[in-house]
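Numbering (our numbering), first residue to last: -12 to 377. Yeah, the Cβ is synthetic: ideal placement off N, Cα and C, and Gly gets one too. Small disclaimer: the values here were computed from a predicted structure and weren't measured. All remarks here apply to the structure that follows.
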């Protein structure tokens, strides 16, 4: 994982949907490099090079197929996702999600149940739309697009919405619509696409929301069911920090003075048992995505009161404890400036994007033996684990 994730030069890139296959090398899809050159990589490219330069539909194609789509293919993907979204209102699956939510389940848990339902009617819609644009018709591709299209609507429904279709020509617009914000200006769309691309992949199989779908698919479940498992793998310590950070910034308020922001950071740092959510990272000294995204915002003219709070909080946390922001914190500030008021969308945005990696990794993992290796290799690997280690 400390090497570039692209396969050796003598091997052709692996394609998930019918292309040539290569030997498994940790991951041919994505992965991280650590000190001294920290970074996230997707199909051999630094993730920061993709953030701000491509939209989510192109990122989706690239992580699944290993190359950049032609412009017409990217537009066709968006049109196909839009067709699936338009077919969702009135679907029985939404009633099921509402019923689970009404029983007290959380947003993510209720939304995950949607992927357990019979989605064959949506698959037929997607297959027909994809065929009309000349897109691939492989079952994995069709089911993957269904999962991508459903994610924001399922999450919106779990929060009590979802009565009407999420509107917009691009996936970014439809995610904004699901989150209940009216912002559709170019800077807002670029910002949400940047966040979606930043969350879509990059860590390989080490994150729970990717590792769990890989494990689940090995049991023989369907691709949407593996995505459901990925949703269930998120929690307060993984993806959930964005929700906490959004609530924290919202409590401080957009009109807070510099001193008030500094005091809020100090309280979080100095109060026993309290955490400053959105800072630090389990893998990196500095998450490479936030500074890159923040620089893009300056170029695009995006940002308001909450990006100001982001800057002030980052300055104070660095001065006090040497802490740097992670993707959760800039996601929280960005969503607030986009007009998102529900803190749980901090988690929702990340999951809407991460479905891309869940699908890619589940398909890659499914083609391997049940324990990831053959029986002889599995026994040899198990023998190296110290007794009592687990």
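Taking the continuous beta strand (DSSP E) assigned at residue i, which residues delimit it?
| i | result |
| --- | --- |
| residue 169 | Unbroken run through residue 169: none, as it is neither H nor E. |
Checking the sheet assignment: what are the DSSP bridge partners for residue i?
| i | result |
| --- | --- |
| residue 24 | Its beta-bridge partners do not exist; DSSP assigns none. |
| residue 266 | 312 |
| residue 41 | 38 |
Could you spell out the range, first to last residue, of the alpha helix (DSSP H) harbouring residue i?
| i | result |
| --- | --- |
| residue 83 | 79 to 89 |
| residue 277 | 276 to 287 |
| residue 194 | Segment: none, residue 194 is in no alpha helix (DSSP H) and carries neither H nor E. |
| residue 101 | 94 to 101 |
| residue 137 | 126 to 145 |
| residue 156 | Neither: residue 156 is in no alpha helix (DSSP H) and is coded neither H nor E. |
| residue 345 | 332 to 353 |
| residue 258 | Residue 258 -> no alpha helix (DSSP H), and no H or E assigned at all. |
| residue 380 | There is no way to answer for residue 380, as the model of the chain reaches only from -12 to 377. |
| residue 180 | 173 to 187 |
| residue 112 | 107 to 119 |
| residue 67 | 58 to 73 |
Rank the options by C-alpha distance to the C-alpha of residue i and give the top, closest one.
| i | options | result |
| --- | --- | --- |
| residue 21 | 37, 271, 372, 202 | 271 |
| residue 165 | 67, 176, 151, 25 | 151 |
| residue 326 | 351, 289, 350 | 289 |
| residue 381 | 176, 191, 99 | The structure shown does not extend to residue 381, since the chain is modelled only from -12 to 377, so the question has no answer here. |
| residue 252 | 203, 226, 296, 41 | 296 |
| residue 242 | 226, 308, 292 | 292 |
| residue 232 | 194, 313, 186, 280 | 313 |
| residue 266 | 225, 345, 285, 123 | 225 |
| residue 130 | 169, 121, 209 | 209 |
| residue 279 | 24, 18, 17, 38 | 38 |
| residue 58 | 93, 122, 24, 287 | 122 |
| residue 16 | 261, 80, 48 | 48 |
| residue 387 | 171, 168, 134 | Given that the chain is displayed from residue -12 to residue 377, the structure contains no residue 387 and the question cannot be resolved. |
| residue 149 | 35, 361, 50, 85 | 85 |
| residue 116 | 64, 146, 79, 82 | 64 |
| residue 154 | 147, 170, 341, 81 | 170 |
| residue 104 | 146, 118, 213 | 213 |
| residue 207 | 352, 14, 32 | 352 |
| residue 147 | 203, 108, 90 | 90 |
| residue 184 | 236, 28, 244 | 28 |
| residue 343 | 294, 187, 79, 372 | 187 |
| residue 136 | 124, 284, 101 | 101 |
| residue 75 | 111, 40, 127 | 111 |
| residue 60 | 79, 269, 80, 118 | 118 |
| residue 263 | 53, 323, 316 | 316 |
| residue 162 | 298, 362, 340, 52 | 340 |
| residue 237 | 77, 328, 107, 35 | 328 |
What is the DSSP secondary structure of residue i, reduced to helix, strand or coil?
| i | result |
| --- | --- |
| residue 19 | strand |
| residue 370 | helix |
| residue 293 | helix |
| residue 222 | strand |
| residue -8 | A caution first: residue -8 carries a pLDDT of 39, below 50, which makes its placement in the model too unreliable to give a value. |
| residue 29 | strand |
| residue 211 | helix |
| residue 361 | coil |
| residue 104 | coil |
| residue 50 | helix |
| residue 248 | helix |
| residue 242 | coil |
| residue 306 | helix |
| residue 200 | helix |
| residue 328 | coil |
| residue 217 | helix |
| residue 323 | helix |
| residue 13 | Reliability of the predicted coordinates at residue 13 is poor, the pLDDT of 47 falling under 50, and no value is obtained from them. |
| residue 318 | helix |
| residue 122 | coil |
Contact between the region 177 to 193 and the region 153 to 168 (3+ Cβ pairs under 8 Å): yes
Given 8 Å, three or more beta-carbon pairs between the region 131 to 151 and the region 231 to 250: no
The region 65 to 76 touching the region 361 to 376, judged by at least three CB pairs closer than 8 Å: no
Sufficient close CB pairs (3 or more, under 8 Å) joining the region 188 to 198 to the region 304 to 311: no
Touching by the beta-carbon criterion (3+ pairs, under 8 Å), the region 195 to 210 and the region 347 to 356: yes
Touch test, the region 331 to 341 against the region 88 to 99, Cβ-Cβ under 8 Å, three pairs minimum: In this structure the region 331 to 341 touches the region 88 to 99; the number of beta carbon pairs closer than 8 Å is three or more.
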